[in-house]
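For the sequence shown, this note's numbering assigns the number 3 to the initial residue and increments by one for each residue that follows. A virtual CB, placed ideally from N, CA and C, is assigned to each residue, including glycine. Let me begin by presenting the structure, written as C-alpha cells, before commenting on it.
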Amino acid sequence: MKKHGVILDCDHCCCVATDSHGKFDVTVPINDTETDIAGLATIHGTISSDHHSLNFVELRDSDYHVVKLDQKQQKHIAATLDFVADKHICGNCHICPREIVKIAKKNQ
Numbered sequence: 003m004k005k006h007g008v009i010l011d012c013d014h015c016c017c018v019a020t021d022s023h024g025k026f027d028v029t030v031p032i033n034d035t036e037t038d039i040a041g042l043a044t045i046h047g048t049i050s051s052d053h054h055s056l057n058f059v060e061l062r063d064s065d066y067h068v069v070k071l072d073q074k075q076q077k078h079i080a081a082t083l084d085f086v087a088d089k090h091i092c093g094n095c096h097i098c099p100r101e102i103v104k105i106a107k108k109n110q
C-alpha cells in the first residue's frame, strides 16, 4: 500500500502480539520515498467497533538497529498510518495476518 509517498509492504506484515481488548502489535516493512527512510516498522494498533488507531512505535534498519527519526519523518509515517486507520484497512482478510483479521471481526 502506498500513501503520501510511504510504502507499507502489507504482504510482509507480521503480528507480534495481541490481547483480548482489540489491541495488537505488528511489524511491517516500510519505505518513505519523501524522507528517504526504510526499514522494519513496529506499529501498535487498536480496533474497536467505533475506532481504529495505528501508532508508530519504532523503525529498525536491516541490521535490526533502531533508527532515530526526526519529527518530520515521524509525522509523515503517522499521516499514512492515520489514513490506514481511518479507512479501516486493518483487518482486511486479503492483506492482514489472520490474528488481526480475527481481532477486527470480533471488535467491529
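Hey, residue i and residue j are a contact pair by Cβ (cut 8 angstroms); roughly how many whole angstroms apart?
{"i": "G7", "j": "T35", "result": "5 angstroms"}
{"i": "V28", "j": "I102", "result": "7 angstroms"}
{"i": "C92", "j": "V86", "result": "7 angstroms"}
{"i": "S50", "j": "G24", "result": "5 angstroms"}
{"i": "I39", "j": "F58", "result": "Their Cβ separation, rounded to whole angstroms, is 11 angstroms, which puts I39 and F58 out of contact at 8 angstroms."}
{"i": "G41", "j": "F26", "result": "In fact, because the Cβ distance is near 20 angstroms, the residues do not count as touching under 8 angstroms."}
Determine which residues share a DSSP beta bridge with residue i and list them.
{"i": "A106", "result": "BP columns for A106 are empty, so no partner."}
{"i": "I9", "result": "K4 and N33"}
{"i": "H54", "result": "I49"}
{"i": "C16", "result": "T29"}
Let me confirm a value: residue i is counted as buried when at least 16 other C-beta atoms fall within 10 Å, else exposed. Which label applies?
{"i": "H90", "result": "exposed"}
{"i": "H53", "result": "exposed"}
{"i": "A19", "result": "exposed"}
{"i": "A81", "result": "exposed"}
{"i": "C16", "result": "exposed"}
Using a Cβ distance threshold of 8 angstroms, determine whether the segment 66-76 contacts the segment 3-13, with at least three qualifying pairs required. Counting C-beta pairs closer than 8 angstroms gives fewer than three between the segment 66-76 and the segment 3-13, which falls short of the contact rule.
Alpha helix (DSSP H) runs contained entirely in the segment 60-94, provided each spans 4 or more residues: The segment 60-94 contains these whole alpha helix (DSSP H) runs: 73-88.
In chain order, each beta strand (DSSP E) run of at least 3 residues that lies wholly inside the segment 23-51: DSSP runs (the beta strand (DSSP E)) wholly in the segment 23-51: 25-34 and 39-49.
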